[in-house]
Every structure is written in C-alpha cells, then in structure tokens.
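Report on the structure given below.
Chains as they are written, first to last, in the working numbering: chain S, 373 to 577; chain X, 373 to 577.
Next comes the structure, spelled out in structure tokens:
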C-alpha cells in the first residue's frame, strides 16, 4: 500500500535520524497526524527554529550569541589553557551538570577506528591546534596548553580514539589526562565487571 | 546546564511522541542542528504538511480526497458488508499489503483493559453502529453486517479487546470472526511456543 506523499515525506525525513527506523518513523507520522493541527504546527515551527542555533567557532558547542563564541568560551572564569576533548554535545551537557570542570571543551565527534578523521573533524582539530599555537597576545595559548583531557567513553573504542588524538595533540600540551576510571557511585562491587574493578584497584585513592 | 530555548522546545515536542524518551529527543535535536539549514527546513515543512491529511469519517484511516471518505471506503470493489475492526493505521497498511482482504475497515484504537472506551473511541464505535443500522437506501447496511472480523493482536490483550467489542457489535452482524492463528510462515516447529503450536493443532486445515 502506498503512503500519501505528505506522510511519505515525513517518514523519509524522520527515518534518516539516528536510531529511528522506517517502522518507527511510520508510527511517529501516524501519531502526529492524530494530534491537533496546532500541535503539528508548533513542532514544525520549533524544528525550523533550530536553524537559528549557531556553532561556537572555538569549541563547536551550540550557542545563540551575537559573536561566534559560546557561553563557555566567552566566560572569563573558564580556564582556556585546560581543554577537554569530547565526542558530542550531550557529553558536554553531562559534564557541565557535574559542575566539576572549570576548563573549556573541544567537540571533535566520534573518531573513526581507522584513525582517519573525516574532513570536518580535520578542520576542527586544525582549528584547535591553531588556537593553541597562536601567540597569547593574539588570544591563543602561545604554543602549549596546560592540560588536555581526553573525555571519550571508557570503552576500548574510547581508548583507541584517545590514543589516536594523543599523537596529534600530545606535543601541544604540558600534560595529557583521561577521565578517571573506577567503581560508579551507587554500584555494587559484586556486580562490577573485571575491567572496572581492576581499574578501581589500580587507581585507589 | 540549561538548553537554549529553541532546542528545549524541540526536545519537549519530540519527547512527547511515543517511544522517544527525553535523552533520545536531545540526541535527535543535536543531530538536526548539525544538519544543513535546508534539511532542517524541509523536515519542518513536511511535518507542517501533515495538517493537510484528513481522517475518513467511516473507517478513520487517512486520506486526501475532496470528500470525507478514504480510498478504501469509496472503492466500490470493496465489500462494505464485511468489516474488520483493527487497532491502528499501520495494522491496516500491513493487512492491505497482503492483498487478501476485500472488505473494509474500522480503526478503533487500543481498547483499554478496563473495557471502558475513551470518548473518541465511543464516537467511532457509535459511528460504526449507525452505519450498520442505517437503511440500505441511506447508504447503510440495513441492520446487520455480513461479517465482522476482529483484527487485534494475537495476544491475551488482543483477545480481551475482541471479547469487549464482541459484546457491543455481536448483535449487529451475521458472523463474527478473528484472524487465524497458527505457525507463522517460515517459522520452525521446534521453536514455536506452546500457545502457537496448540493453535496450529486445533486449527489444522
């Protein structure tokens, strides 16, 4: 059975989003059809308004400022010499919610296992290097960051991504670090996997 | 960390859709932000166009016809005296894709376990009853349908939904039936559950 054109368009549009398959897209489209015309319109307007969101030219997080930097990068209380490299925006939000990090970020995306960055990732890495290398008088770091923290997931892929980027960024920083590993707060020792428990022993404090 | 208003609006709008939680809604919103402005706009326009979709006043499936009936209900080749009661639009699409059913449908939604229909479901049931009871000269069925098929899922909930509606619709039809149960084509007897295999023995043909 052929779906009417307006539904097919929405199904196509939704099913190219991550983790939404064609069947779920069809269910979502029918759900929307059964909503009020006002609700459908509101969702369309809200999605359209996403076009107004800008990307920070230093850390690549989102913002709505007049200039090209996000709230974190323009905040003088955030140490620009300490940079955490992370995969995605939602990781930044989670990290900000801890209130523990006073440096800045750089969102680099998911580093491919091959170690060959995509073009947009190369541009972001190059932009970060230029910022570190630029003279302090020009708003850069004068050659070296104080610390670069690799904030990738604590998985073997995350470790690989870290090692790939350490090669690129190691010479540009006084110190390299990773997020700490150990027992998650609220967890139980009995149910911790060997890797996690081993890390907790190694990094006891 | 507070999300900017345009993102928050989209996250709110997406997370009220079925099977999309707040976390997935945030991931989807960030994914969209990183798409081109044209793609964002196209999705917004397509969603907005869903407002043009109409609901058939007889079977409650979608359509885009000038009149108030869908393609199936206006098709003279479809027997209007045979009515399949189904839960949702996607079930109708799956059934139509088999090409095996030559009657018409009535989409009633998911019947609550309590047996107490929601208001919109009561309206749909009443509309179906009126159609059956209306005289043949007035476009109705003159008091009785030839057959009402209950096309709910083959689960205990589906059986309950069927029994609830049989009470309402049984007096208005010459015959009541359900979709056949047995081994799914391509399945293996060894792995069939007891209920399914039992049905296959009971309903051998």
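Beta carbons: idealized from backbone N, C-alpha and C, even for Gly.
Residue i versus residue j: straight-line alpha-carbon distance, rounded
{"i": "residue 586 of chain S", "j": "residue 426 of chain S", "result": "The shown model of chain S, from 373 to 577, leaves out residue 586 of chain S, and the question about it has no answer."}
{"i": "residue 496 of chain S", "j": "residue 489 of chain S", "result": "10 Å"}
{"i": "residue 574 of chain X", "j": "residue 537 of chain X", "result": "24 Å"}
{"i": "residue 406 of chain X", "j": "residue 414 of chain X", "result": "14 Å"}
{"i": "residue 515 of chain S", "j": "residue 432 of chain S", "result": "21 Å"}
{"i": "residue 408 of chain S", "j": "residue 482 of chain X", "result": "19 Å"}
{"i": "residue 428 of chain X", "j": "residue 446 of chain X", "result": "10 Å"}
{"i": "residue 584 of chain X", "j": "residue 557 of chain S", "result": "Examination of residue 584 of chain X is not possible in this model, given that chain X is present from 373 through 577 alone."}
{"i": "residue 421 of chain X", "j": "residue 420 of chain S", "result": "13 Å"}
{"i": "residue 430 of chain S", "j": "residue 512 of chain S", "result": "11 Å"}
{"i": "residue 531 of chain S", "j": "residue 412 of chain X", "result": "34 Å"}
{"i": "residue 387 of chain X", "j": "residue 396 of chain X", "result": "8 Å"}
{"i": "residue 499 of chain X", "j": "residue 443 of chain X", "result": "18 Å"}
{"i": "residue 438 of chain S", "j": "residue 527 of chain X", "result": "57 Å"}
{"i": "residue 466 of chain X", "j": "residue 451 of chain S", "result": "58 Å"}
{"i": "residue 535 of chain X", "j": "residue 572 of chain X", "result": "21 Å"}
{"i": "residue 493 of chain X", "j": "residue 486 of chain X", "result": "14 Å"}
{"i": "residue 404 of chain S", "j": "residue 389 of chain X", "result": "8 Å"}
{"i": "residue 506 of chain X", "j": "residue 376 of chain S", "result": "31 Å"}
{"i": "residue 501 of chain S", "j": "residue 462 of chain S", "result": "23 Å"}
{"i": "residue 400 of chain S", "j": "residue 392 of chain X", "result": "9 Å"}
{"i": "residue 410 of chain X", "j": "residue 436 of chain X", "result": "27 Å"}
{"i": "residue 382 of chain X", "j": "residue 455 of chain S", "result": "30 Å"}
{"i": "residue 458 of chain S", "j": "residue 549 of chain S", "result": "13 Å"}
{"i": "residue 540 of chain X", "j": "residue 440 of chain X", "result": "25 Å"}
{"i": "residue 477 of chain S", "j": "residue 434 of chain S", "result": "12 Å"}
{"i": "residue 568 of chain S", "j": "residue 551 of chain S", "result": "13 Å"}
{"i": "residue 460 of chain X", "j": "residue 373 of chain X", "result": "39 Å"}
{"i": "residue 510 of chain X", "j": "residue 449 of chain X", "result": "19 Å"}
{"i": "residue 402 of chain X", "j": "residue 479 of chain S", "result": "13 Å"}
{"i": "residue 553 of chain X", "j": "residue 565 of chain S", "result": "44 Å"}
{"i": "residue 503 of chain S", "j": "residue 423 of chain S", "result": "27 Å"}
{"i": "residue 398 of chain X", "j": "residue 464 of chain S", "result": "12 Å"}
Which residues DSSP lists as bridging residue i, in chain order
{"i": "residue 476 of chain S", "result": "S:455"}
{"i": "residue 517 of chain S", "result": "S:545"}
{"i": "residue 522 of chain X", "result": "X:457, X:550"}
Near-chain X residues of the stretch 491-511 of chain S - C-beta to any C-beta below 7 Å: Listed in sequence order: no entries.
Contact the stretch 541-553 of chain X vs the stretch 518-528 of chain X: 3+ CB pairs below 8 Å: Yes, they touch.
Which runs of the alpha helix (DSSP H) at least 4 residues long sit entirely within the stretch 388-455 of chain S? Give them in chain order. The DSSP assignment places complete alpha helix (DSSP H) segments of no fewer than 4 residues inside the stretch 388-455 of chain S at 394-405, 409-421, 443-446, in order along the chain.
Residues from the stretch 390-402 of chain X in contact with chain S, defined by Cβ distance under 9 Å: For chain S, the residues of the stretch 390-402 of chain X that bring a beta carbon within less than 9 Å of one of its beta carbons are 390, 391, 392, 395, 396, 398, 399, 400, 401, 402, in chain order.
Can you pull out the residues from the stretch 429-462 of chain S whose beta carbon lies closer than 8 Å to at least one beta carbon of chain X? Residues of the stretch 429-462 of chain S with a C-beta less than 8 Å from any C-beta of chain X: 434, 435, 436, 460, 461, 462, listed in chain order.
Just by C-beta distance, which residues in the stretch 472-483 of chain S are closer than 7 Å to chain X? Under the 7 Å Cβ criterion, the stretch 472-483 of chain S contributes no residue.
Beta carbons nearer than 8 Å to chain X: which residues of the stretch 533-564 of chain S have them? Within the stretch 533-564 of chain S, not one residue has a Cβ closer than 8 Å to any Cβ of chain X.
Beta carbons nearer than 9 Å to chain X: which residues of the stretch 414-426 of chain S have them? Against chain X - using a Cβ distance shorter than 9 Å - the residues of the stretch 414-426 of chain S are 414, 415, 416, 417, 418, 419, 420, 421, 422, 423, 424, 425.
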